[in-house]
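Visitor: Heads up: the sequence lines are chains H and C, in that order. According to our numbering, the first sequence is numbered sequentially starting from 10. According to our numbering, the second sequence is numbered sequentially starting from 10. Glycine is no exception: its CB is placed at the ideal position from the N, C-alpha and C atoms.
Number of protein chains: 2
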Amino acid sequence: MPALKPTDYKGRIAWLGVNVDRKDTLCSVPVPEMELTLAGCAGESHAGLTRPSCSRVVGLYPRGTEVRNTRQLSIMSAEELARIAAKMGIEAVDPAWLGLSMVVEGIPDFTLIPPSSRLQVGDGATLTVDMENRPCVLPGPVINRHFPDKGKLFKPAAKNLRGVTAWVERAGLLRVGDRIILHIPDQPVWPHLARARRQ
Amino acid sequence: MPALKPTDYKGRIAWLGVNVDRKDTLCSVPVPEMELTLAGCAGESHAGLTRPSCSRVVGLYPRGTEVRNTRQLSIMSAEELARIAAKMGIEAVDPAWLGLSMVVEGIPDFTLIPPSSRLQVGDGATLTVDMENRPCVLPGPVINRHFPDKGKLFKPAAKNLRGVTAWVERAGLLRVGDRIILHIPDQPVWPHLARARRQ
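#1: Go ahead and pull the three-state DSSP assignment for PRO104 (chain C).
#2: Report buried or exposed for ASP103 (chain C), applying the criterion of at least 16 other Cβ atoms within 10 angstroms of its Cβ.
#3: In this structure, how does DSSP classify LEU162 (chain H) when only helix, strand and coil are distinguished?
#4: Can you list the residues of chain C that SER125 (chain H) reaches, using a CB-CB cut of under 7 Å?
#5: Which residues bound the alpha helix (DSSP H) around ILE116 (chain C)?
#6: Go through the stretch 16-47 of chain H residue by residue and report every complete run of the beta strand (DSSP E) that reaches 3 residues or more, in order.
#7: Per DSSP, which one or two residues make a beta bridge with ALA175 (chain H)?
#8: Can GLU42 (chain H) and LEU183 (chain H) be called in contact, C-beta distance under 8 Å?
#9: With a CB to CB cut of under 8 Å and the five nearest residues on each side skipped, what residues in its chain are close to CYS145 (chain H)?
#10: Against chain C, does GLN81 (chain H) count as a neighbour if the rule is that its beta carbon must be under 8 Å from one of theirs?
#11: Going by DSSP, name the residue or residues bridged to GLN129 (chain H).
#12: Along the stretch 76-104 of chain H, where does the CB come closer than 8 Å to a CB of chain C? Name the residues.
#13: Would the stretch 154-169 of chain H and the stretch 22-40 of chain C be scored as touching if the rule is three or more Cβ pairs under 8 Å?
#14: Under 8 Å between beta-carbons, which chain C residues line up against VAL177 (chain H)? List them in chain order, please.
#15: Report the residues of the stretch 12-38 of chain H with a CB closer than 9 Å to any CB of chain C, ordered along the chain.
#16: Measuring straight from C-alpha to C-alpha, what distance separates VAL151 (chain C) and LEU69 (chain H)?
#17: Can you tell me which of the three DSSP states GLY181 (chain H) falls into?
#18: Within this structure, are the beta carbons of GLY131 (chain H) and ARG188 (chain H) separated by less than 8 Å?
#19: Can you pull the DSSP bridge partners for PRO61 (chain C)?
#20: Which residues in the same chain as MET105 (chain C) place their Cβ atom closer than 8 Å to its Cβ, once the five residues preceding and following it in sequence are excluded?
#21: Three or more C-beta pairs under 8 Å: does that hold for the stretch 169-182 of chain H against the stretch 193-202 of chain H?
#22: Looking at the structure shown, is LEU147 (chain C) part of a helix, part of a strand, or coil, going by DSSP?
#23: At a CB distance below 8 Å, what residues from the stretch 186-208 of chain H approach chain C? Give them in sequence order.
#24: Quick check on ALA95 (chain C): buried or exposed, where buried means 16 or more other Cβ atoms within 10 Å of its Cβ?
#25: Can you say whether ALA123 (chain H) is buried or exposed, counting buried as having 16 or more other CB atoms within 10 angstroms of its CB?
#26: Can you confirm whether the stretch 111-127 of chain H touches the stretch 86-100 of chain H when touching is taken to mean that 3 or more C-beta pairs between the two stretches lie within less than 8 Å?
#27: Please identify the residue among C:ALA175, C:GLU141, C:MET140 and C:PRO15 whose C-alpha is closest to the C-alpha of VAL66 (chain H).
#28: Would a check of beta-carbon distances place GLY131 (chain C) closer than 8 Å to chain H?
#29: Out of H:VAL112, H:ALA51, H:THR59 and H:SER62, which has the shortest C-alpha to C-alpha gap to ARG21 (chain H)?
#30: Run through chain H and tell me which residues come within less than 9 Å of VAL151 (chain C), C-beta to C-beta.
#31: Give the DSSP bridge partners of LEU109 (chain C), in chain order.
#32: Please check if any C-beta of chain H sits within less than 8 Å of the C-beta of ASP118 (chain C).
#33: Are the C-beta atoms of THR59 (chain H) and some chain C residue less than 8 Å apart?
#34: Rounding to the nearest angstrom, what Cα-Cα distance links LEU107 (chain H) and ALA56 (chain H) in this structure?
#35: In three-state DSSP terms, what is LYS14 (chain H)?
#36: Suppose you measure from the CA of ARG171 (chain C) to the CA of ASP195 (chain H); what does that come to, to the nearest Å?
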């Protein structure tokens, strides 16, 4: 029996976006709703039941290995976007610049919600969180176009604030404004975690 | 960028088993090797890219909802099987009685390894851990056939020792004796975890 537990941590969808061609631009285009299948968002550049592994997981796989796709969606929180902007000294970071799929609001310290948590949306569509998404330098150029010379500040400012990657466990429709309930794995922390992270 | 980190926690495959028809019996049949596709182990009763949701996840889904299958494999550790047997006052718990797919040895407190950890096996086959698998009463009757009246002791003895459920991230071959490397999500524990678990 899985140890999933619904929590009182509830949020709502503040923004949705799709990235149609990530070779062309990292940026997403805002949309009011998003239809999800088990392969992700049709037409989105990260969709697919599987994906060729990328440089991010070379510790596990030679580049291009077919693996199950755990990076269908990229999700951040409105509160953490605001914290990043404040640390960078700019008014706001537009989620479209970061190629995001979704911005949630109302769930504290969103980036660190437990791996394998479920985010269940209003009509039943459910996303499984893979884990924290680590910031990279790629959004730098687009940030520079809006705030000259600020792009290089993004990566350090976004440490532990860059949200999570996730995949579709149950298909359904997402709409801006929909309620989200966080379900977490209800299990003790592995006693060796701190040591393993130091290795 | 995902926060997966290889660790020095290494183990080996001590046992492999398949359950061909779980309606007929919970028990698995030991096998020397197991070919995995992204749908799991072909012919195994838990295989499939998707599954109809069961009573275990009624907190998320009406029973029978099509969801992505995170329960392709059920894995325990030899050390925790021995601890369960000791708590029950019997010589050993045969992994076949529990319908297991795999027994690993060498990874301490195996049941509690972090959700979304990866277990990478010798030739590259890789399993993603969903989370702790909670014990139930179903193995009771088969245990009773070998150790009369001991079956009811299994569920309490197996608390936090029942291993994990997992699914195939990368296809490949598992063989008894293969080395396993544990990769963990390298991220801080969510600050609200203890409160959310108490809710």
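Guide: Straight from the coordinates:
#1: helix
#2: buried
#3: helix
#4: PRO124, SER125, ASP139 and MET140
#5: Neither: ILE116 (chain C) is in no alpha helix (DSSP H) and is coded neither H nor E.
#6: 38-40 and 42-46
#7: H:LEU82 and H:VAL138
#8: yes
#9: LYS164
#10: no
#11: H:THR135 and H:ILE190
#12: VAL76, ARG77, THR79 and ARG80
#13: no
#14: ARG77
#15: ALA12, LEU13, LYS14, PRO15, THR16, ASP17 and TYR18
#16: 39 Å
#17: strand
#18: yes
#19: C:GLU75
#20: The sequence given here has Ala at residue 105 (chain C), not Met. The answer, listed in chain order, is GLY26, CYS36, SER37, VAL38 and PRO39.
#21: no
#22: coil
#23: LEU191, HIS192, ILE193, PRO194, ASP195, GLN196, PRO197, VAL198, TRP199, PRO200, HIS201, LEU202, ALA205, ARG206 and GLN208
#24: exposed
#25: Sequence inspection shows Pro at residue 123 (chain H); the Ala mentioned does not correspond to that position. With 16 or more other Cβ atoms within 10 Å, it is buried.
#26: yes
#27: C:PRO15
#28: no
#29: H:VAL112
#30: The premise fails here: VAL151 (chain C) is roughly 18 Å from chain H at the closest Cβ pair, so nothing lies under 9 Å.
#31: DSSP output for LEU109 (chain C) lists no bridge partner at all.
#32: yes
#33: yes
#34: 17 Å
#35: strand
#36: 14 Å
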